[in-house]
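Participant:
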Amino acid sequence: MRVLVYDTHSYDRTFLDAANGGRHQLEYTTAQLDAQTAALAQGYDAVCLFVNDEGSAAVMERLAAGGVRMIAQRSTGFNNLDLAAAAARGITSMRVGYYSPYAVAEFAVGLLQTLNRRIHRAYNRTREFNFRLAGLLGHDIRGRTVGVVGTGKIGAIFARIMHGFGCPTLAYDVRENPECIELGVQYVPLEELLRRSDIISLHVPLMPQTQHLIRAETLALMKTGVMIINTSRGGLIDTEALIAALQRGQVAAVGLDVYEEEEGKFFRDLSDQVMDDEVLARLMTFPNVLLTSHQAFFTHEAMTTIAETTIANLTDFEEGRENENLLRAG
Ligand code: NAD
Numbered sequence: 000m001r002v003l004v005y006d007t008h009s010y011d012r013t014f015l016d017a018a019n020g021g022r023h024q025l026e027y028t029t030a031q032l033d034a035q036t037a038a039l040a041q042g043y044d045a046v047c048l049f050v051n052d053e054g055s056a057a058v059m060e061r062l063a064a065g066g067v068r069m070i071a072q073r074s075t076g077f078n079n080l081d082l083a084a085a086a087a088r089g090i091t092s093m094r095v096g097y098y099s100p101y102a103v104a105e106f107a108v109g110l111l112q113t114l115n116r117r118i119h120r121a122y123n124r125t126r127e128f129n130f131r132l133a134g135l136l137g138h139d140i141r142g143r144t145v146g147v148v149g150t151g152k153i154g155a156i157f158a159r160i161m162h163g164f165g166c167p168t169l170a171y172d173v174r175e176n177p178e179c180i181e182l183g184v185q186y187v188p189l190e191e192l193l194r195r196s197d198i199i200s201l202h203v204p205l206m207p208q209t210q211h212l213i214r215a216e217t218l219a220l221m222k223t224g225v226m227i228i229n230t231s232r233g234g235l236i237d238t239e240a241l242i243a244a245l246q247r248g249q250v251a252a253v254g255l256d257v258y259e260e261e262e263g264k265f266f267r268d269l270s271d272q273v274m275d276d277e278v279l280a281r282l283m284t285f286p287n288v289l290l291t292s293h294q295a296f297f298t299h300e301a302m303t304t305i306a307e308t309t310i311a312n313l314t315d316f317e318e319g320r321e322n323e324n325l326l327r328a329g
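Structure follows, in structure tokens:
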């Protein structure tokens, strides 16, 4: 099939070309998909998208008019796609349902430990031969109560790692995971988790029910000194409310791999431009905020599986086979 791969970086090309082995005709663009760039897909059978490509109804309309019949989303999260609009225009959507959940869970623990022991600050200090310890005091992680919001593939691994640290672990999910129960994780209502946890890590998908799960009212329930880690989706947190909670000292540290306004910024080098996002600029002034640009998934193992599954999805679609990665509206 002729496939246009949007929002391409050199590493996407390396892994996709290796997995493809010449099977499909892959062409690459650095453009992100939106209502304007949808025209680039004219004459292609499929488009391959990433998390910040726009899959709105208007975009689906244009893709379908250009002959596109399939979307191969090269991520697990697919909140950027209007699945109903795609289906209504005869476009099949598929994703990568599973790839190393360890990559994301381990990264969340990395953010947690970096913030807790101020490793990001120590790195900068020692580069300038400042070997003082004042300001770098952390806590033992052992014994601290961890709250895991969402115990699917990633959240369950995160819970297992924190169990290994010796942390009592609370969880909230619409569905209890037997693996977590066996581990001794205690499922509690969200409100109770927010009240009791010293460290809260978010692993639920972004959907209307989870949009701004962390907002002024839910932040107000948390302990003073809480640490929040978000490697899931930026829209789970109302960033302005989070900034207010950081300002009043209620939240002691925040690790973010995602940001609600990351489209058009993350995965780009904007270092020679004036930052026009005041909220992001404010967030970066806090020494106890660690922001990374959606890199939790980014390991060799994950990239290999993402590429291989994306190529398999394209082949299954072409040959009329359904697989578990098919996305259905509703
Ligand atoms: P998953 O589907 O295995 O788990 C999600 C869990 O959330 C499930 O247990 C589900 O029951 C629960 N859930 C769904 N709706 C809920 C609600 N309203 N309230 C409470 N719980 C709810 O997904 P996963 O593979 O563990 O991934 C989790 C999220 O991580 C993805 O949705 C994606 O947004 C994000 N992610 C981020 C990166 C990154 O690089 N930062 C990479 C991969 C995934």
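Going by numbering that gives the first Met the number 0, the first residue of the sequence shown is number 0, and it counts up by one from there.
Idealized CB from N, CA, C, for every residue including glycine.
Do H211 and the ligand NAD come close, with the Cβ less than 7 Å from some heavy atom?
Facilitator: The count along the sequence shown starts at 1 and reaches residue 211 at position 212. Checking the Cβ of H211 against the ligand NAD gives no.
Participant: Is C47 helix, strand or coil by DSSP?
Facilitator: Position 48 of the sequence shown, counted from the first residue, corresponds to residue 47. Strand, per DSSP.
Participant: Below 8 Å on the Cβ atoms is my guess for L15 versus L25; work out the distance and round it to an integer in Å.
Facilitator: Position 16 of the sequence shown, counted from the start, is the residue given in the question as residue 15. Position 26 of the sequence shown, counted from the start, is the residue given in the question as residue 25. About 6 Å separates the two Cβ atoms, so the contact holds.
Participant: Please identify the residue among M59, H8, V103 whose C-alpha is closest to the C-alpha of A84.
Facilitator: Along the sequence shown, read from residue 1 onward, the residue named residue 84 stands at position 85. Nearest of M59, H8, V103 to A84, Cα basis: M59.
Participant: On the CB-based measure, 16 or more other CB atoms within 10 Å of its CB, does I180 come out buried or exposed?
Facilitator: Your numbering for residue 180 matches position 181 in the sequence shown. Flag for I180 reads exposed.
Participant: Near R1, which residues of its chain fall below 6 Å by C-beta distance, leaving aside the five closest residues on each side in sequence?
Facilitator: Mapped onto the sequence shown, residue 1 falls at position 2. Taken in chain order, the residues that qualify are Q24, Y43, D44.
Participant: Could you check how far apart the C-beta atoms of G146 and R117 are, in whole angstroms? I think they sit under 8 Å.
Facilitator: By one-based count along the sequence shown, residue 146 stands at place 147. By one-based count along the sequence shown, residue 117 stands at place 118. Not quite, the Cβ-Cβ distance comes to about 22 Å (not below 8 Å), so this is no contact.
Participant: In this structure, how does DSSP classify Y10 when only helix, strand and coil are distinguished?
Facilitator: Mapped onto the sequence shown, residue 10 falls at position 11. The answer is helix: DSSP assigns Y10 an H, G or I state.
Participant: Would you check if the distance between the CB atom of D256 and the CB atom of A215 is smaller than 8 Å?
Facilitator: As a first step, residue 256 is located in the sequence shown; it is residue number 257 there, counting from the start. As a first step, residue 215 is located in the sequence shown; it is residue number 216 there, counting from the start. Result no, Cβ atoms of D256 and A215 do not sit closer than 8 Å.
Participant: With burial defined as no fewer than 16 other Cβ atoms inside 10 Å of the residue's Cβ, what is the status of F106: buried or exposed?
Facilitator: For this step, residue 106 is matched to residue 107 along the sequence shown. By the neighbour-count rule (16 or more Cβ atoms within 10 Å), F106 is buried.
Participant: How far does the beta strand (DSSP E) with N229 in it reach, from first residue to last?
Facilitator: Here residue 229 corresponds to residue number 230 of the sequence shown, with the count starting at 1. Note, N229: beta strand (DSSP E), 225–229.
Participant: Assuming L325 contacts M93 (C-beta within less than 8 Å), just tell me the rounded distance between them.
Facilitator: Counting from 1 along the sequence shown, the entry for residue 325 is found at position 326. Counting from 1 along the sequence shown, the entry for residue 93 is found at position 94. That pair is a contact at about 6 Å.
Participant: If you compare alpha carbons, which of T91, L32, G224, E300 is closest to T7?
Facilitator: Looking up residue 7 in the sequence shown gives position 8. Ranking T91, L32, G224, E300 by Cα distance to T7 puts L32 first.
Participant: With distances taken Cα to Cα, identify the nearest neighbour of M226 among L193, D11, E318.
Facilitator: Looking up residue 226 in the sequence shown gives position 227. Considering only alpha carbons, the answer is L193.
Participant: Less than 7 Å between the CB of L136 and some heavy atom of the ligand NAD, yes or no?
Facilitator: Counting from one through the sequence shown, the residue named residue 136 turns up at place 137. The answer is no for L136.
Participant: Please determine whether the Cβ atom of G54 lies at a distance below 7 Å from any heavy atom of the ligand NAD.
Facilitator: Your numbering for residue 54 matches position 55 in the sequence shown. Outside the cutoff, so no.
Participant: Rounded to a whole number of angstroms, what is the C-alpha to C-alpha distance between A57 and T29?
Facilitator: Locating residue 57 in the sequence shown gives position 58, where the first residue counts as 1. Locating residue 29 in the sequence shown gives position 30, where the first residue counts as 1. Approximately 21 Å, taken between the alpha carbons.
Participant: By how many angstroms is the C-alpha of N51 removed from the C-alpha of S292?
Facilitator: Taking the first residue of the sequence shown as 1, we reach residue 292 at position 293. Taking the first residue of the sequence shown as 1, we reach residue 51 at position 52. Straight-line Cα distance between these residues: approximately 12 Å.
Participant: Extract the residue ranges of the alpha helix (DSSP H) inside the stretch 237–309, only unbroken runs of 4 or more that lie entirely within it.
Facilitator: If we require 4 residues or more, the alpha helix (DSSP H) runs fully inside the stretch 237–309 come out as 238–246, 277–282.
Participant: Bridge partners of Q24, per DSSP?
Facilitator: Residue numbering aside, residue 24 sits at position 25 when the sequence shown is read from its first letter. Bridge partners of Q24: R1.
Participant: Decide yes or no for the touch test of the stretch 308–322 against the stretch 129–136: beta carbon pairs closer than 8 Å, at least 3 of them.
Facilitator: Contact fails: fewer than three Cβ-Cβ distances are below 8 Å.
Participant: Would you kindly work out how many angstroms separate the C-alpha atoms of L330 and R141, rounded to a whole number?
Facilitator: In the structure as shown, the chain starts at 0 and stops at 329, and residue 330 therefore has no counterpart that could be examined.
Participant: Alpha carbon to alpha carbon, how far is A86 from G54? Give it in angstroms, no decimals.
Facilitator: Taking the first residue of the sequence shown as position 1, residue 54 is located at position 55. Taking the first residue of the sequence shown as position 1, residue 86 is located at position 87. Taking the straight line from one Cα to the other gives about 12 Å.
Participant: Can you find a heavy atom of the ligand NAD that lies under 7 Å from the Cβ of L205?
Facilitator: As a working mapping, residue 205 is identified with position 206 in the sequence shown. Answer for L205: yes, Cβ within range of the ligand NAD.
Participant: Look at V148 and I198 and say whether their C-beta atoms are less than 8 Å apart.
Facilitator: Within the sequence shown, residue 148 is the residue found at index 149, counting from 1. Within the sequence shown, residue 198 is the residue found at index 199, counting from 1. Result no, Cβ atoms of V148 and I198 do not sit closer than 8 Å.
Participant: Look up L326 in the DSSP assignment and give the residues it is bridged to.
Facilitator: Numbered from 1 along the sequence shown, position 327 holds the residue referred to as residue 326. According to DSSP, L326 bridges with S92.
Participant: Mapping DSSP to helix, strand and coil, what is Q72?
Facilitator: For the purposes of this step, residue 72 is taken as the residue at position 73 of the sequence shown. If DSSP states are grouped into helix, strand and coil, Q72 belongs with the strands.
Participant: Please report the distance separating the alpha-carbon of R320 from that of N312.
Facilitator: The residue you call residue 320 lines up with position 321 of the sequence shown. The residue you call residue 312 lines up with position 313 of the sequence shown. Each residue's alpha carbon lies about 9 Å from the other.
Participant: Suppose the cutoff is 8 Å on Cβ atoms and the five residues either side in sequence are ignored; what does the same chain contact list for V95 look like?
Facilitator: Locating residue 95 in the sequence shown gives position 96, counting from the first residue. Counting only Cβ-Cβ distances below 8 Å, and skipping sequence neighbours, we find Q72, R73, S74, T75, T304, I305, T308, T309, N312, N324.
Participant: By alpha-carbon positions, which one of R174, V184, G154 ends up nearest to C166?
Facilitator: Taking the first residue of the sequence shown as 1, we reach residue 166 at position 167. Selected option, being the one with the closest Cα: V184.
Participant: Helix or strand or just coil, what does DSSP make of G66?
Facilitator: Position 67 of the sequence shown, counted from the first residue, corresponds to residue 66. G66: coil per DSSP, three-state reduction.
Participant: For V203, is the classification buried or exposed, using 16 other Cβ atoms within 10 angstroms of its Cβ as the cut-off for buried?
Facilitator: Taking the sequence shown and counting its residues from 1, the one referred to as residue 203 is at position 204. The residue in question, V203, is buried, as its Cβ has 16 or more Cβ neighbours within 10 Å.
Participant: Any chance you could list the beta strand (DSSP E) runs of at least 3 consecutive residues sitting entirely within the stretch 141–193, in chain order?
Facilitator: Whole beta strand (DSSP E) segments, 3+ residues: 145–148, 168–171.
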